[in-house]
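A.B. asks: Reading the sequence shown from the start, the letters are residues 62 to 285 in my numbering. All C-beta atoms in this analysis are idealised placements derived from N, C-alpha and C, irrespective of residue type, glycine included. Note that the coordinates shown come from a computational prediction; the quantities given were computed from them, not determined experimentally. Before I ask anything, here is the structure I am working with.
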Amino acid sequence: MRRLSEDIADEIKFKILNGTYQKGEKLKAELDMAKDHDVSRSVIRESLRQLEGLGLVTIKKGPKGGIFVSTGYHKPISDSLKGLVDAGQVSEDNIFDTRLLLETYATAQAALHADDDDIQRLRSLLRVPEKHFGDAVWLQKNRGEFHLALAKASKNPVLEVLMKGMIELLRKYFVDFHDLDFERKSLESHKQILTALEEKNSNGAGRLMERYILNMRDVIAEKY
Numbered sequence: 062m063r064r065l066s067e068d069i070a071d072e073i074k075f076k077i078l079n080g081t082y083q084k085g086e087k088l089k090a091e092l093d094m095a096k097d098h099d100v101s102r103s104v105i106r107e108s109l110r111q112l113e114g115l116g117l118v119t120i121k122k123g124p125k126g127g128i129f130v131s132t133g134y135h136k137p138i139s140d141s142l143k144g145l146v147d148a149g150q151v152s153e154d155n156i157f158d159t160r161l162l163l164e165t166y167a168t169a170q171a172a173l174h175a176d177d178d179d180i181q182r183l184r185s186l187l188r189v190p191e192k193h194f195g196d197a198v199w200l201q202k203n204r205g206e207f208h209l210a211l212a213k214a215s216k217n218p219v220l221e222v223l224m225k226g227m228i229e230l231l232r233k234y235f236v237d238f239h240d241l242d243f244e245r246k247s248l249e250s251h252k253q254i255l256t257a258l259e260e261k262n263s264n265g266a267g268r269l270m271e272r273y274i275l276n277m278r279d280v281i282a283e284k285y
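Structure (structure tokens):
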């Protein structure tokens, strides 16, 4: 039989994942939550422990403390993936097979659901300042931000959380991969993907992402 604390935790979790509670937002105090749900503070405290364990909330002590929606609630996924990498249980094929499933779908969904703000964000990421055009490390970081923005544009918070975990896994696994030629070609690939999004061409956007990921797998196979 489910405990009341689990039901309350699920309710708060749903509001976090659907955007009712925004990242960084301060939630009500324990006492106020207890009054709202007509339960004891100990029940609320247990709910919050569950949410904190999932990485969805952060509980801070002191004068400026409180209960805050985590800005990195992909962390449990990232930590699990990092553990697999550290244990040598993740292969390049594992990573790229997962990316093909995850990012091809996320990109196709982004083409259907991206709003004007999403498109503007993606455009801004592709406007690379001239001073950074020869900086492979900067371009790599910017590339990761583009992929995160694509996942966000899908309007599926689960995809967004999974994508954040995947980006951190890639940074961990390919920490030494800095290839200027690849980054510049990636920029052109991403411009094509953005065009497909602007045209709301879901199938085309998905195929372009699939081609990009397969090309990246080939490049890394040659380098490593």
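Could you tell me whether any Cβ in chain C is nearer than 8 Å to the Cβ of L258?
C.D. replies: Structure shown: chain C not included; a single protein chain is present.
A.B. asks: Just to confirm before moving on: does the CB-CB distance between I281 and E164 stay below 8 Å?
C.D. replies: No, the Cβ-Cβ distance between I281 and E164 is not below 8 Å.
A.B. asks: Can you tell me which of the three DSSP states K216 falls into?
C.D. replies: Coil.
A.B. asks: Use the C-beta contact count for G126: other C-beta atoms within 10 angstroms, 16 or more gives buried, fewer gives exposed.
C.D. replies: So G126 ends up on the exposed side.
A.B. asks: On the premise that E244 lies in contact with L200, defined as a C-beta separation below 8 Å, what is that separation, rounded to the nearest angstrom?
C.D. replies: Their Cβ separation, rounded to whole angstroms, is 4 Å, which keeps L200 and E244 in contact under 8 Å.
A.B. asks: Could you check the C-alpha separation between L248 and T81 for me, to the nearest Å?
C.D. replies: The straight-line gap from Cα to Cα measures roughly 34 Å.
A.B. asks: Answer yes or no: do F129 and G195 have a C-beta to C-beta separation smaller than 8 Å?
C.D. replies: Not closer than 8 Å, so no.
A.B. asks: Alpha carbon to alpha carbon, how far is L173 from E221? Give it in angstroms, no decimals.
C.D. replies: Rounded to whole angstroms, E221 to L173 spans 15 Å at the Cα level.
A.B. asks: Under the assumption that M224 contacts L209 (Cβ atoms under 8 Å), give the Cβ distance between them as a whole number of angstroms.
C.D. replies: Right, their Cβ atoms sit about 6 Å apart.
A.B. asks: What residue range does the beta strand (DSSP E) around T81 cover?
C.D. replies: Run containing T81: none; DSSP gives neither H nor E here.
A.B. asks: Can you round the beta-carbon distance between Y234 and I156 to whole angstroms, since I take them to be within the 8 Å contact cut?
C.D. replies: Y234 to I156, Cβ: 6 Å. Contact.
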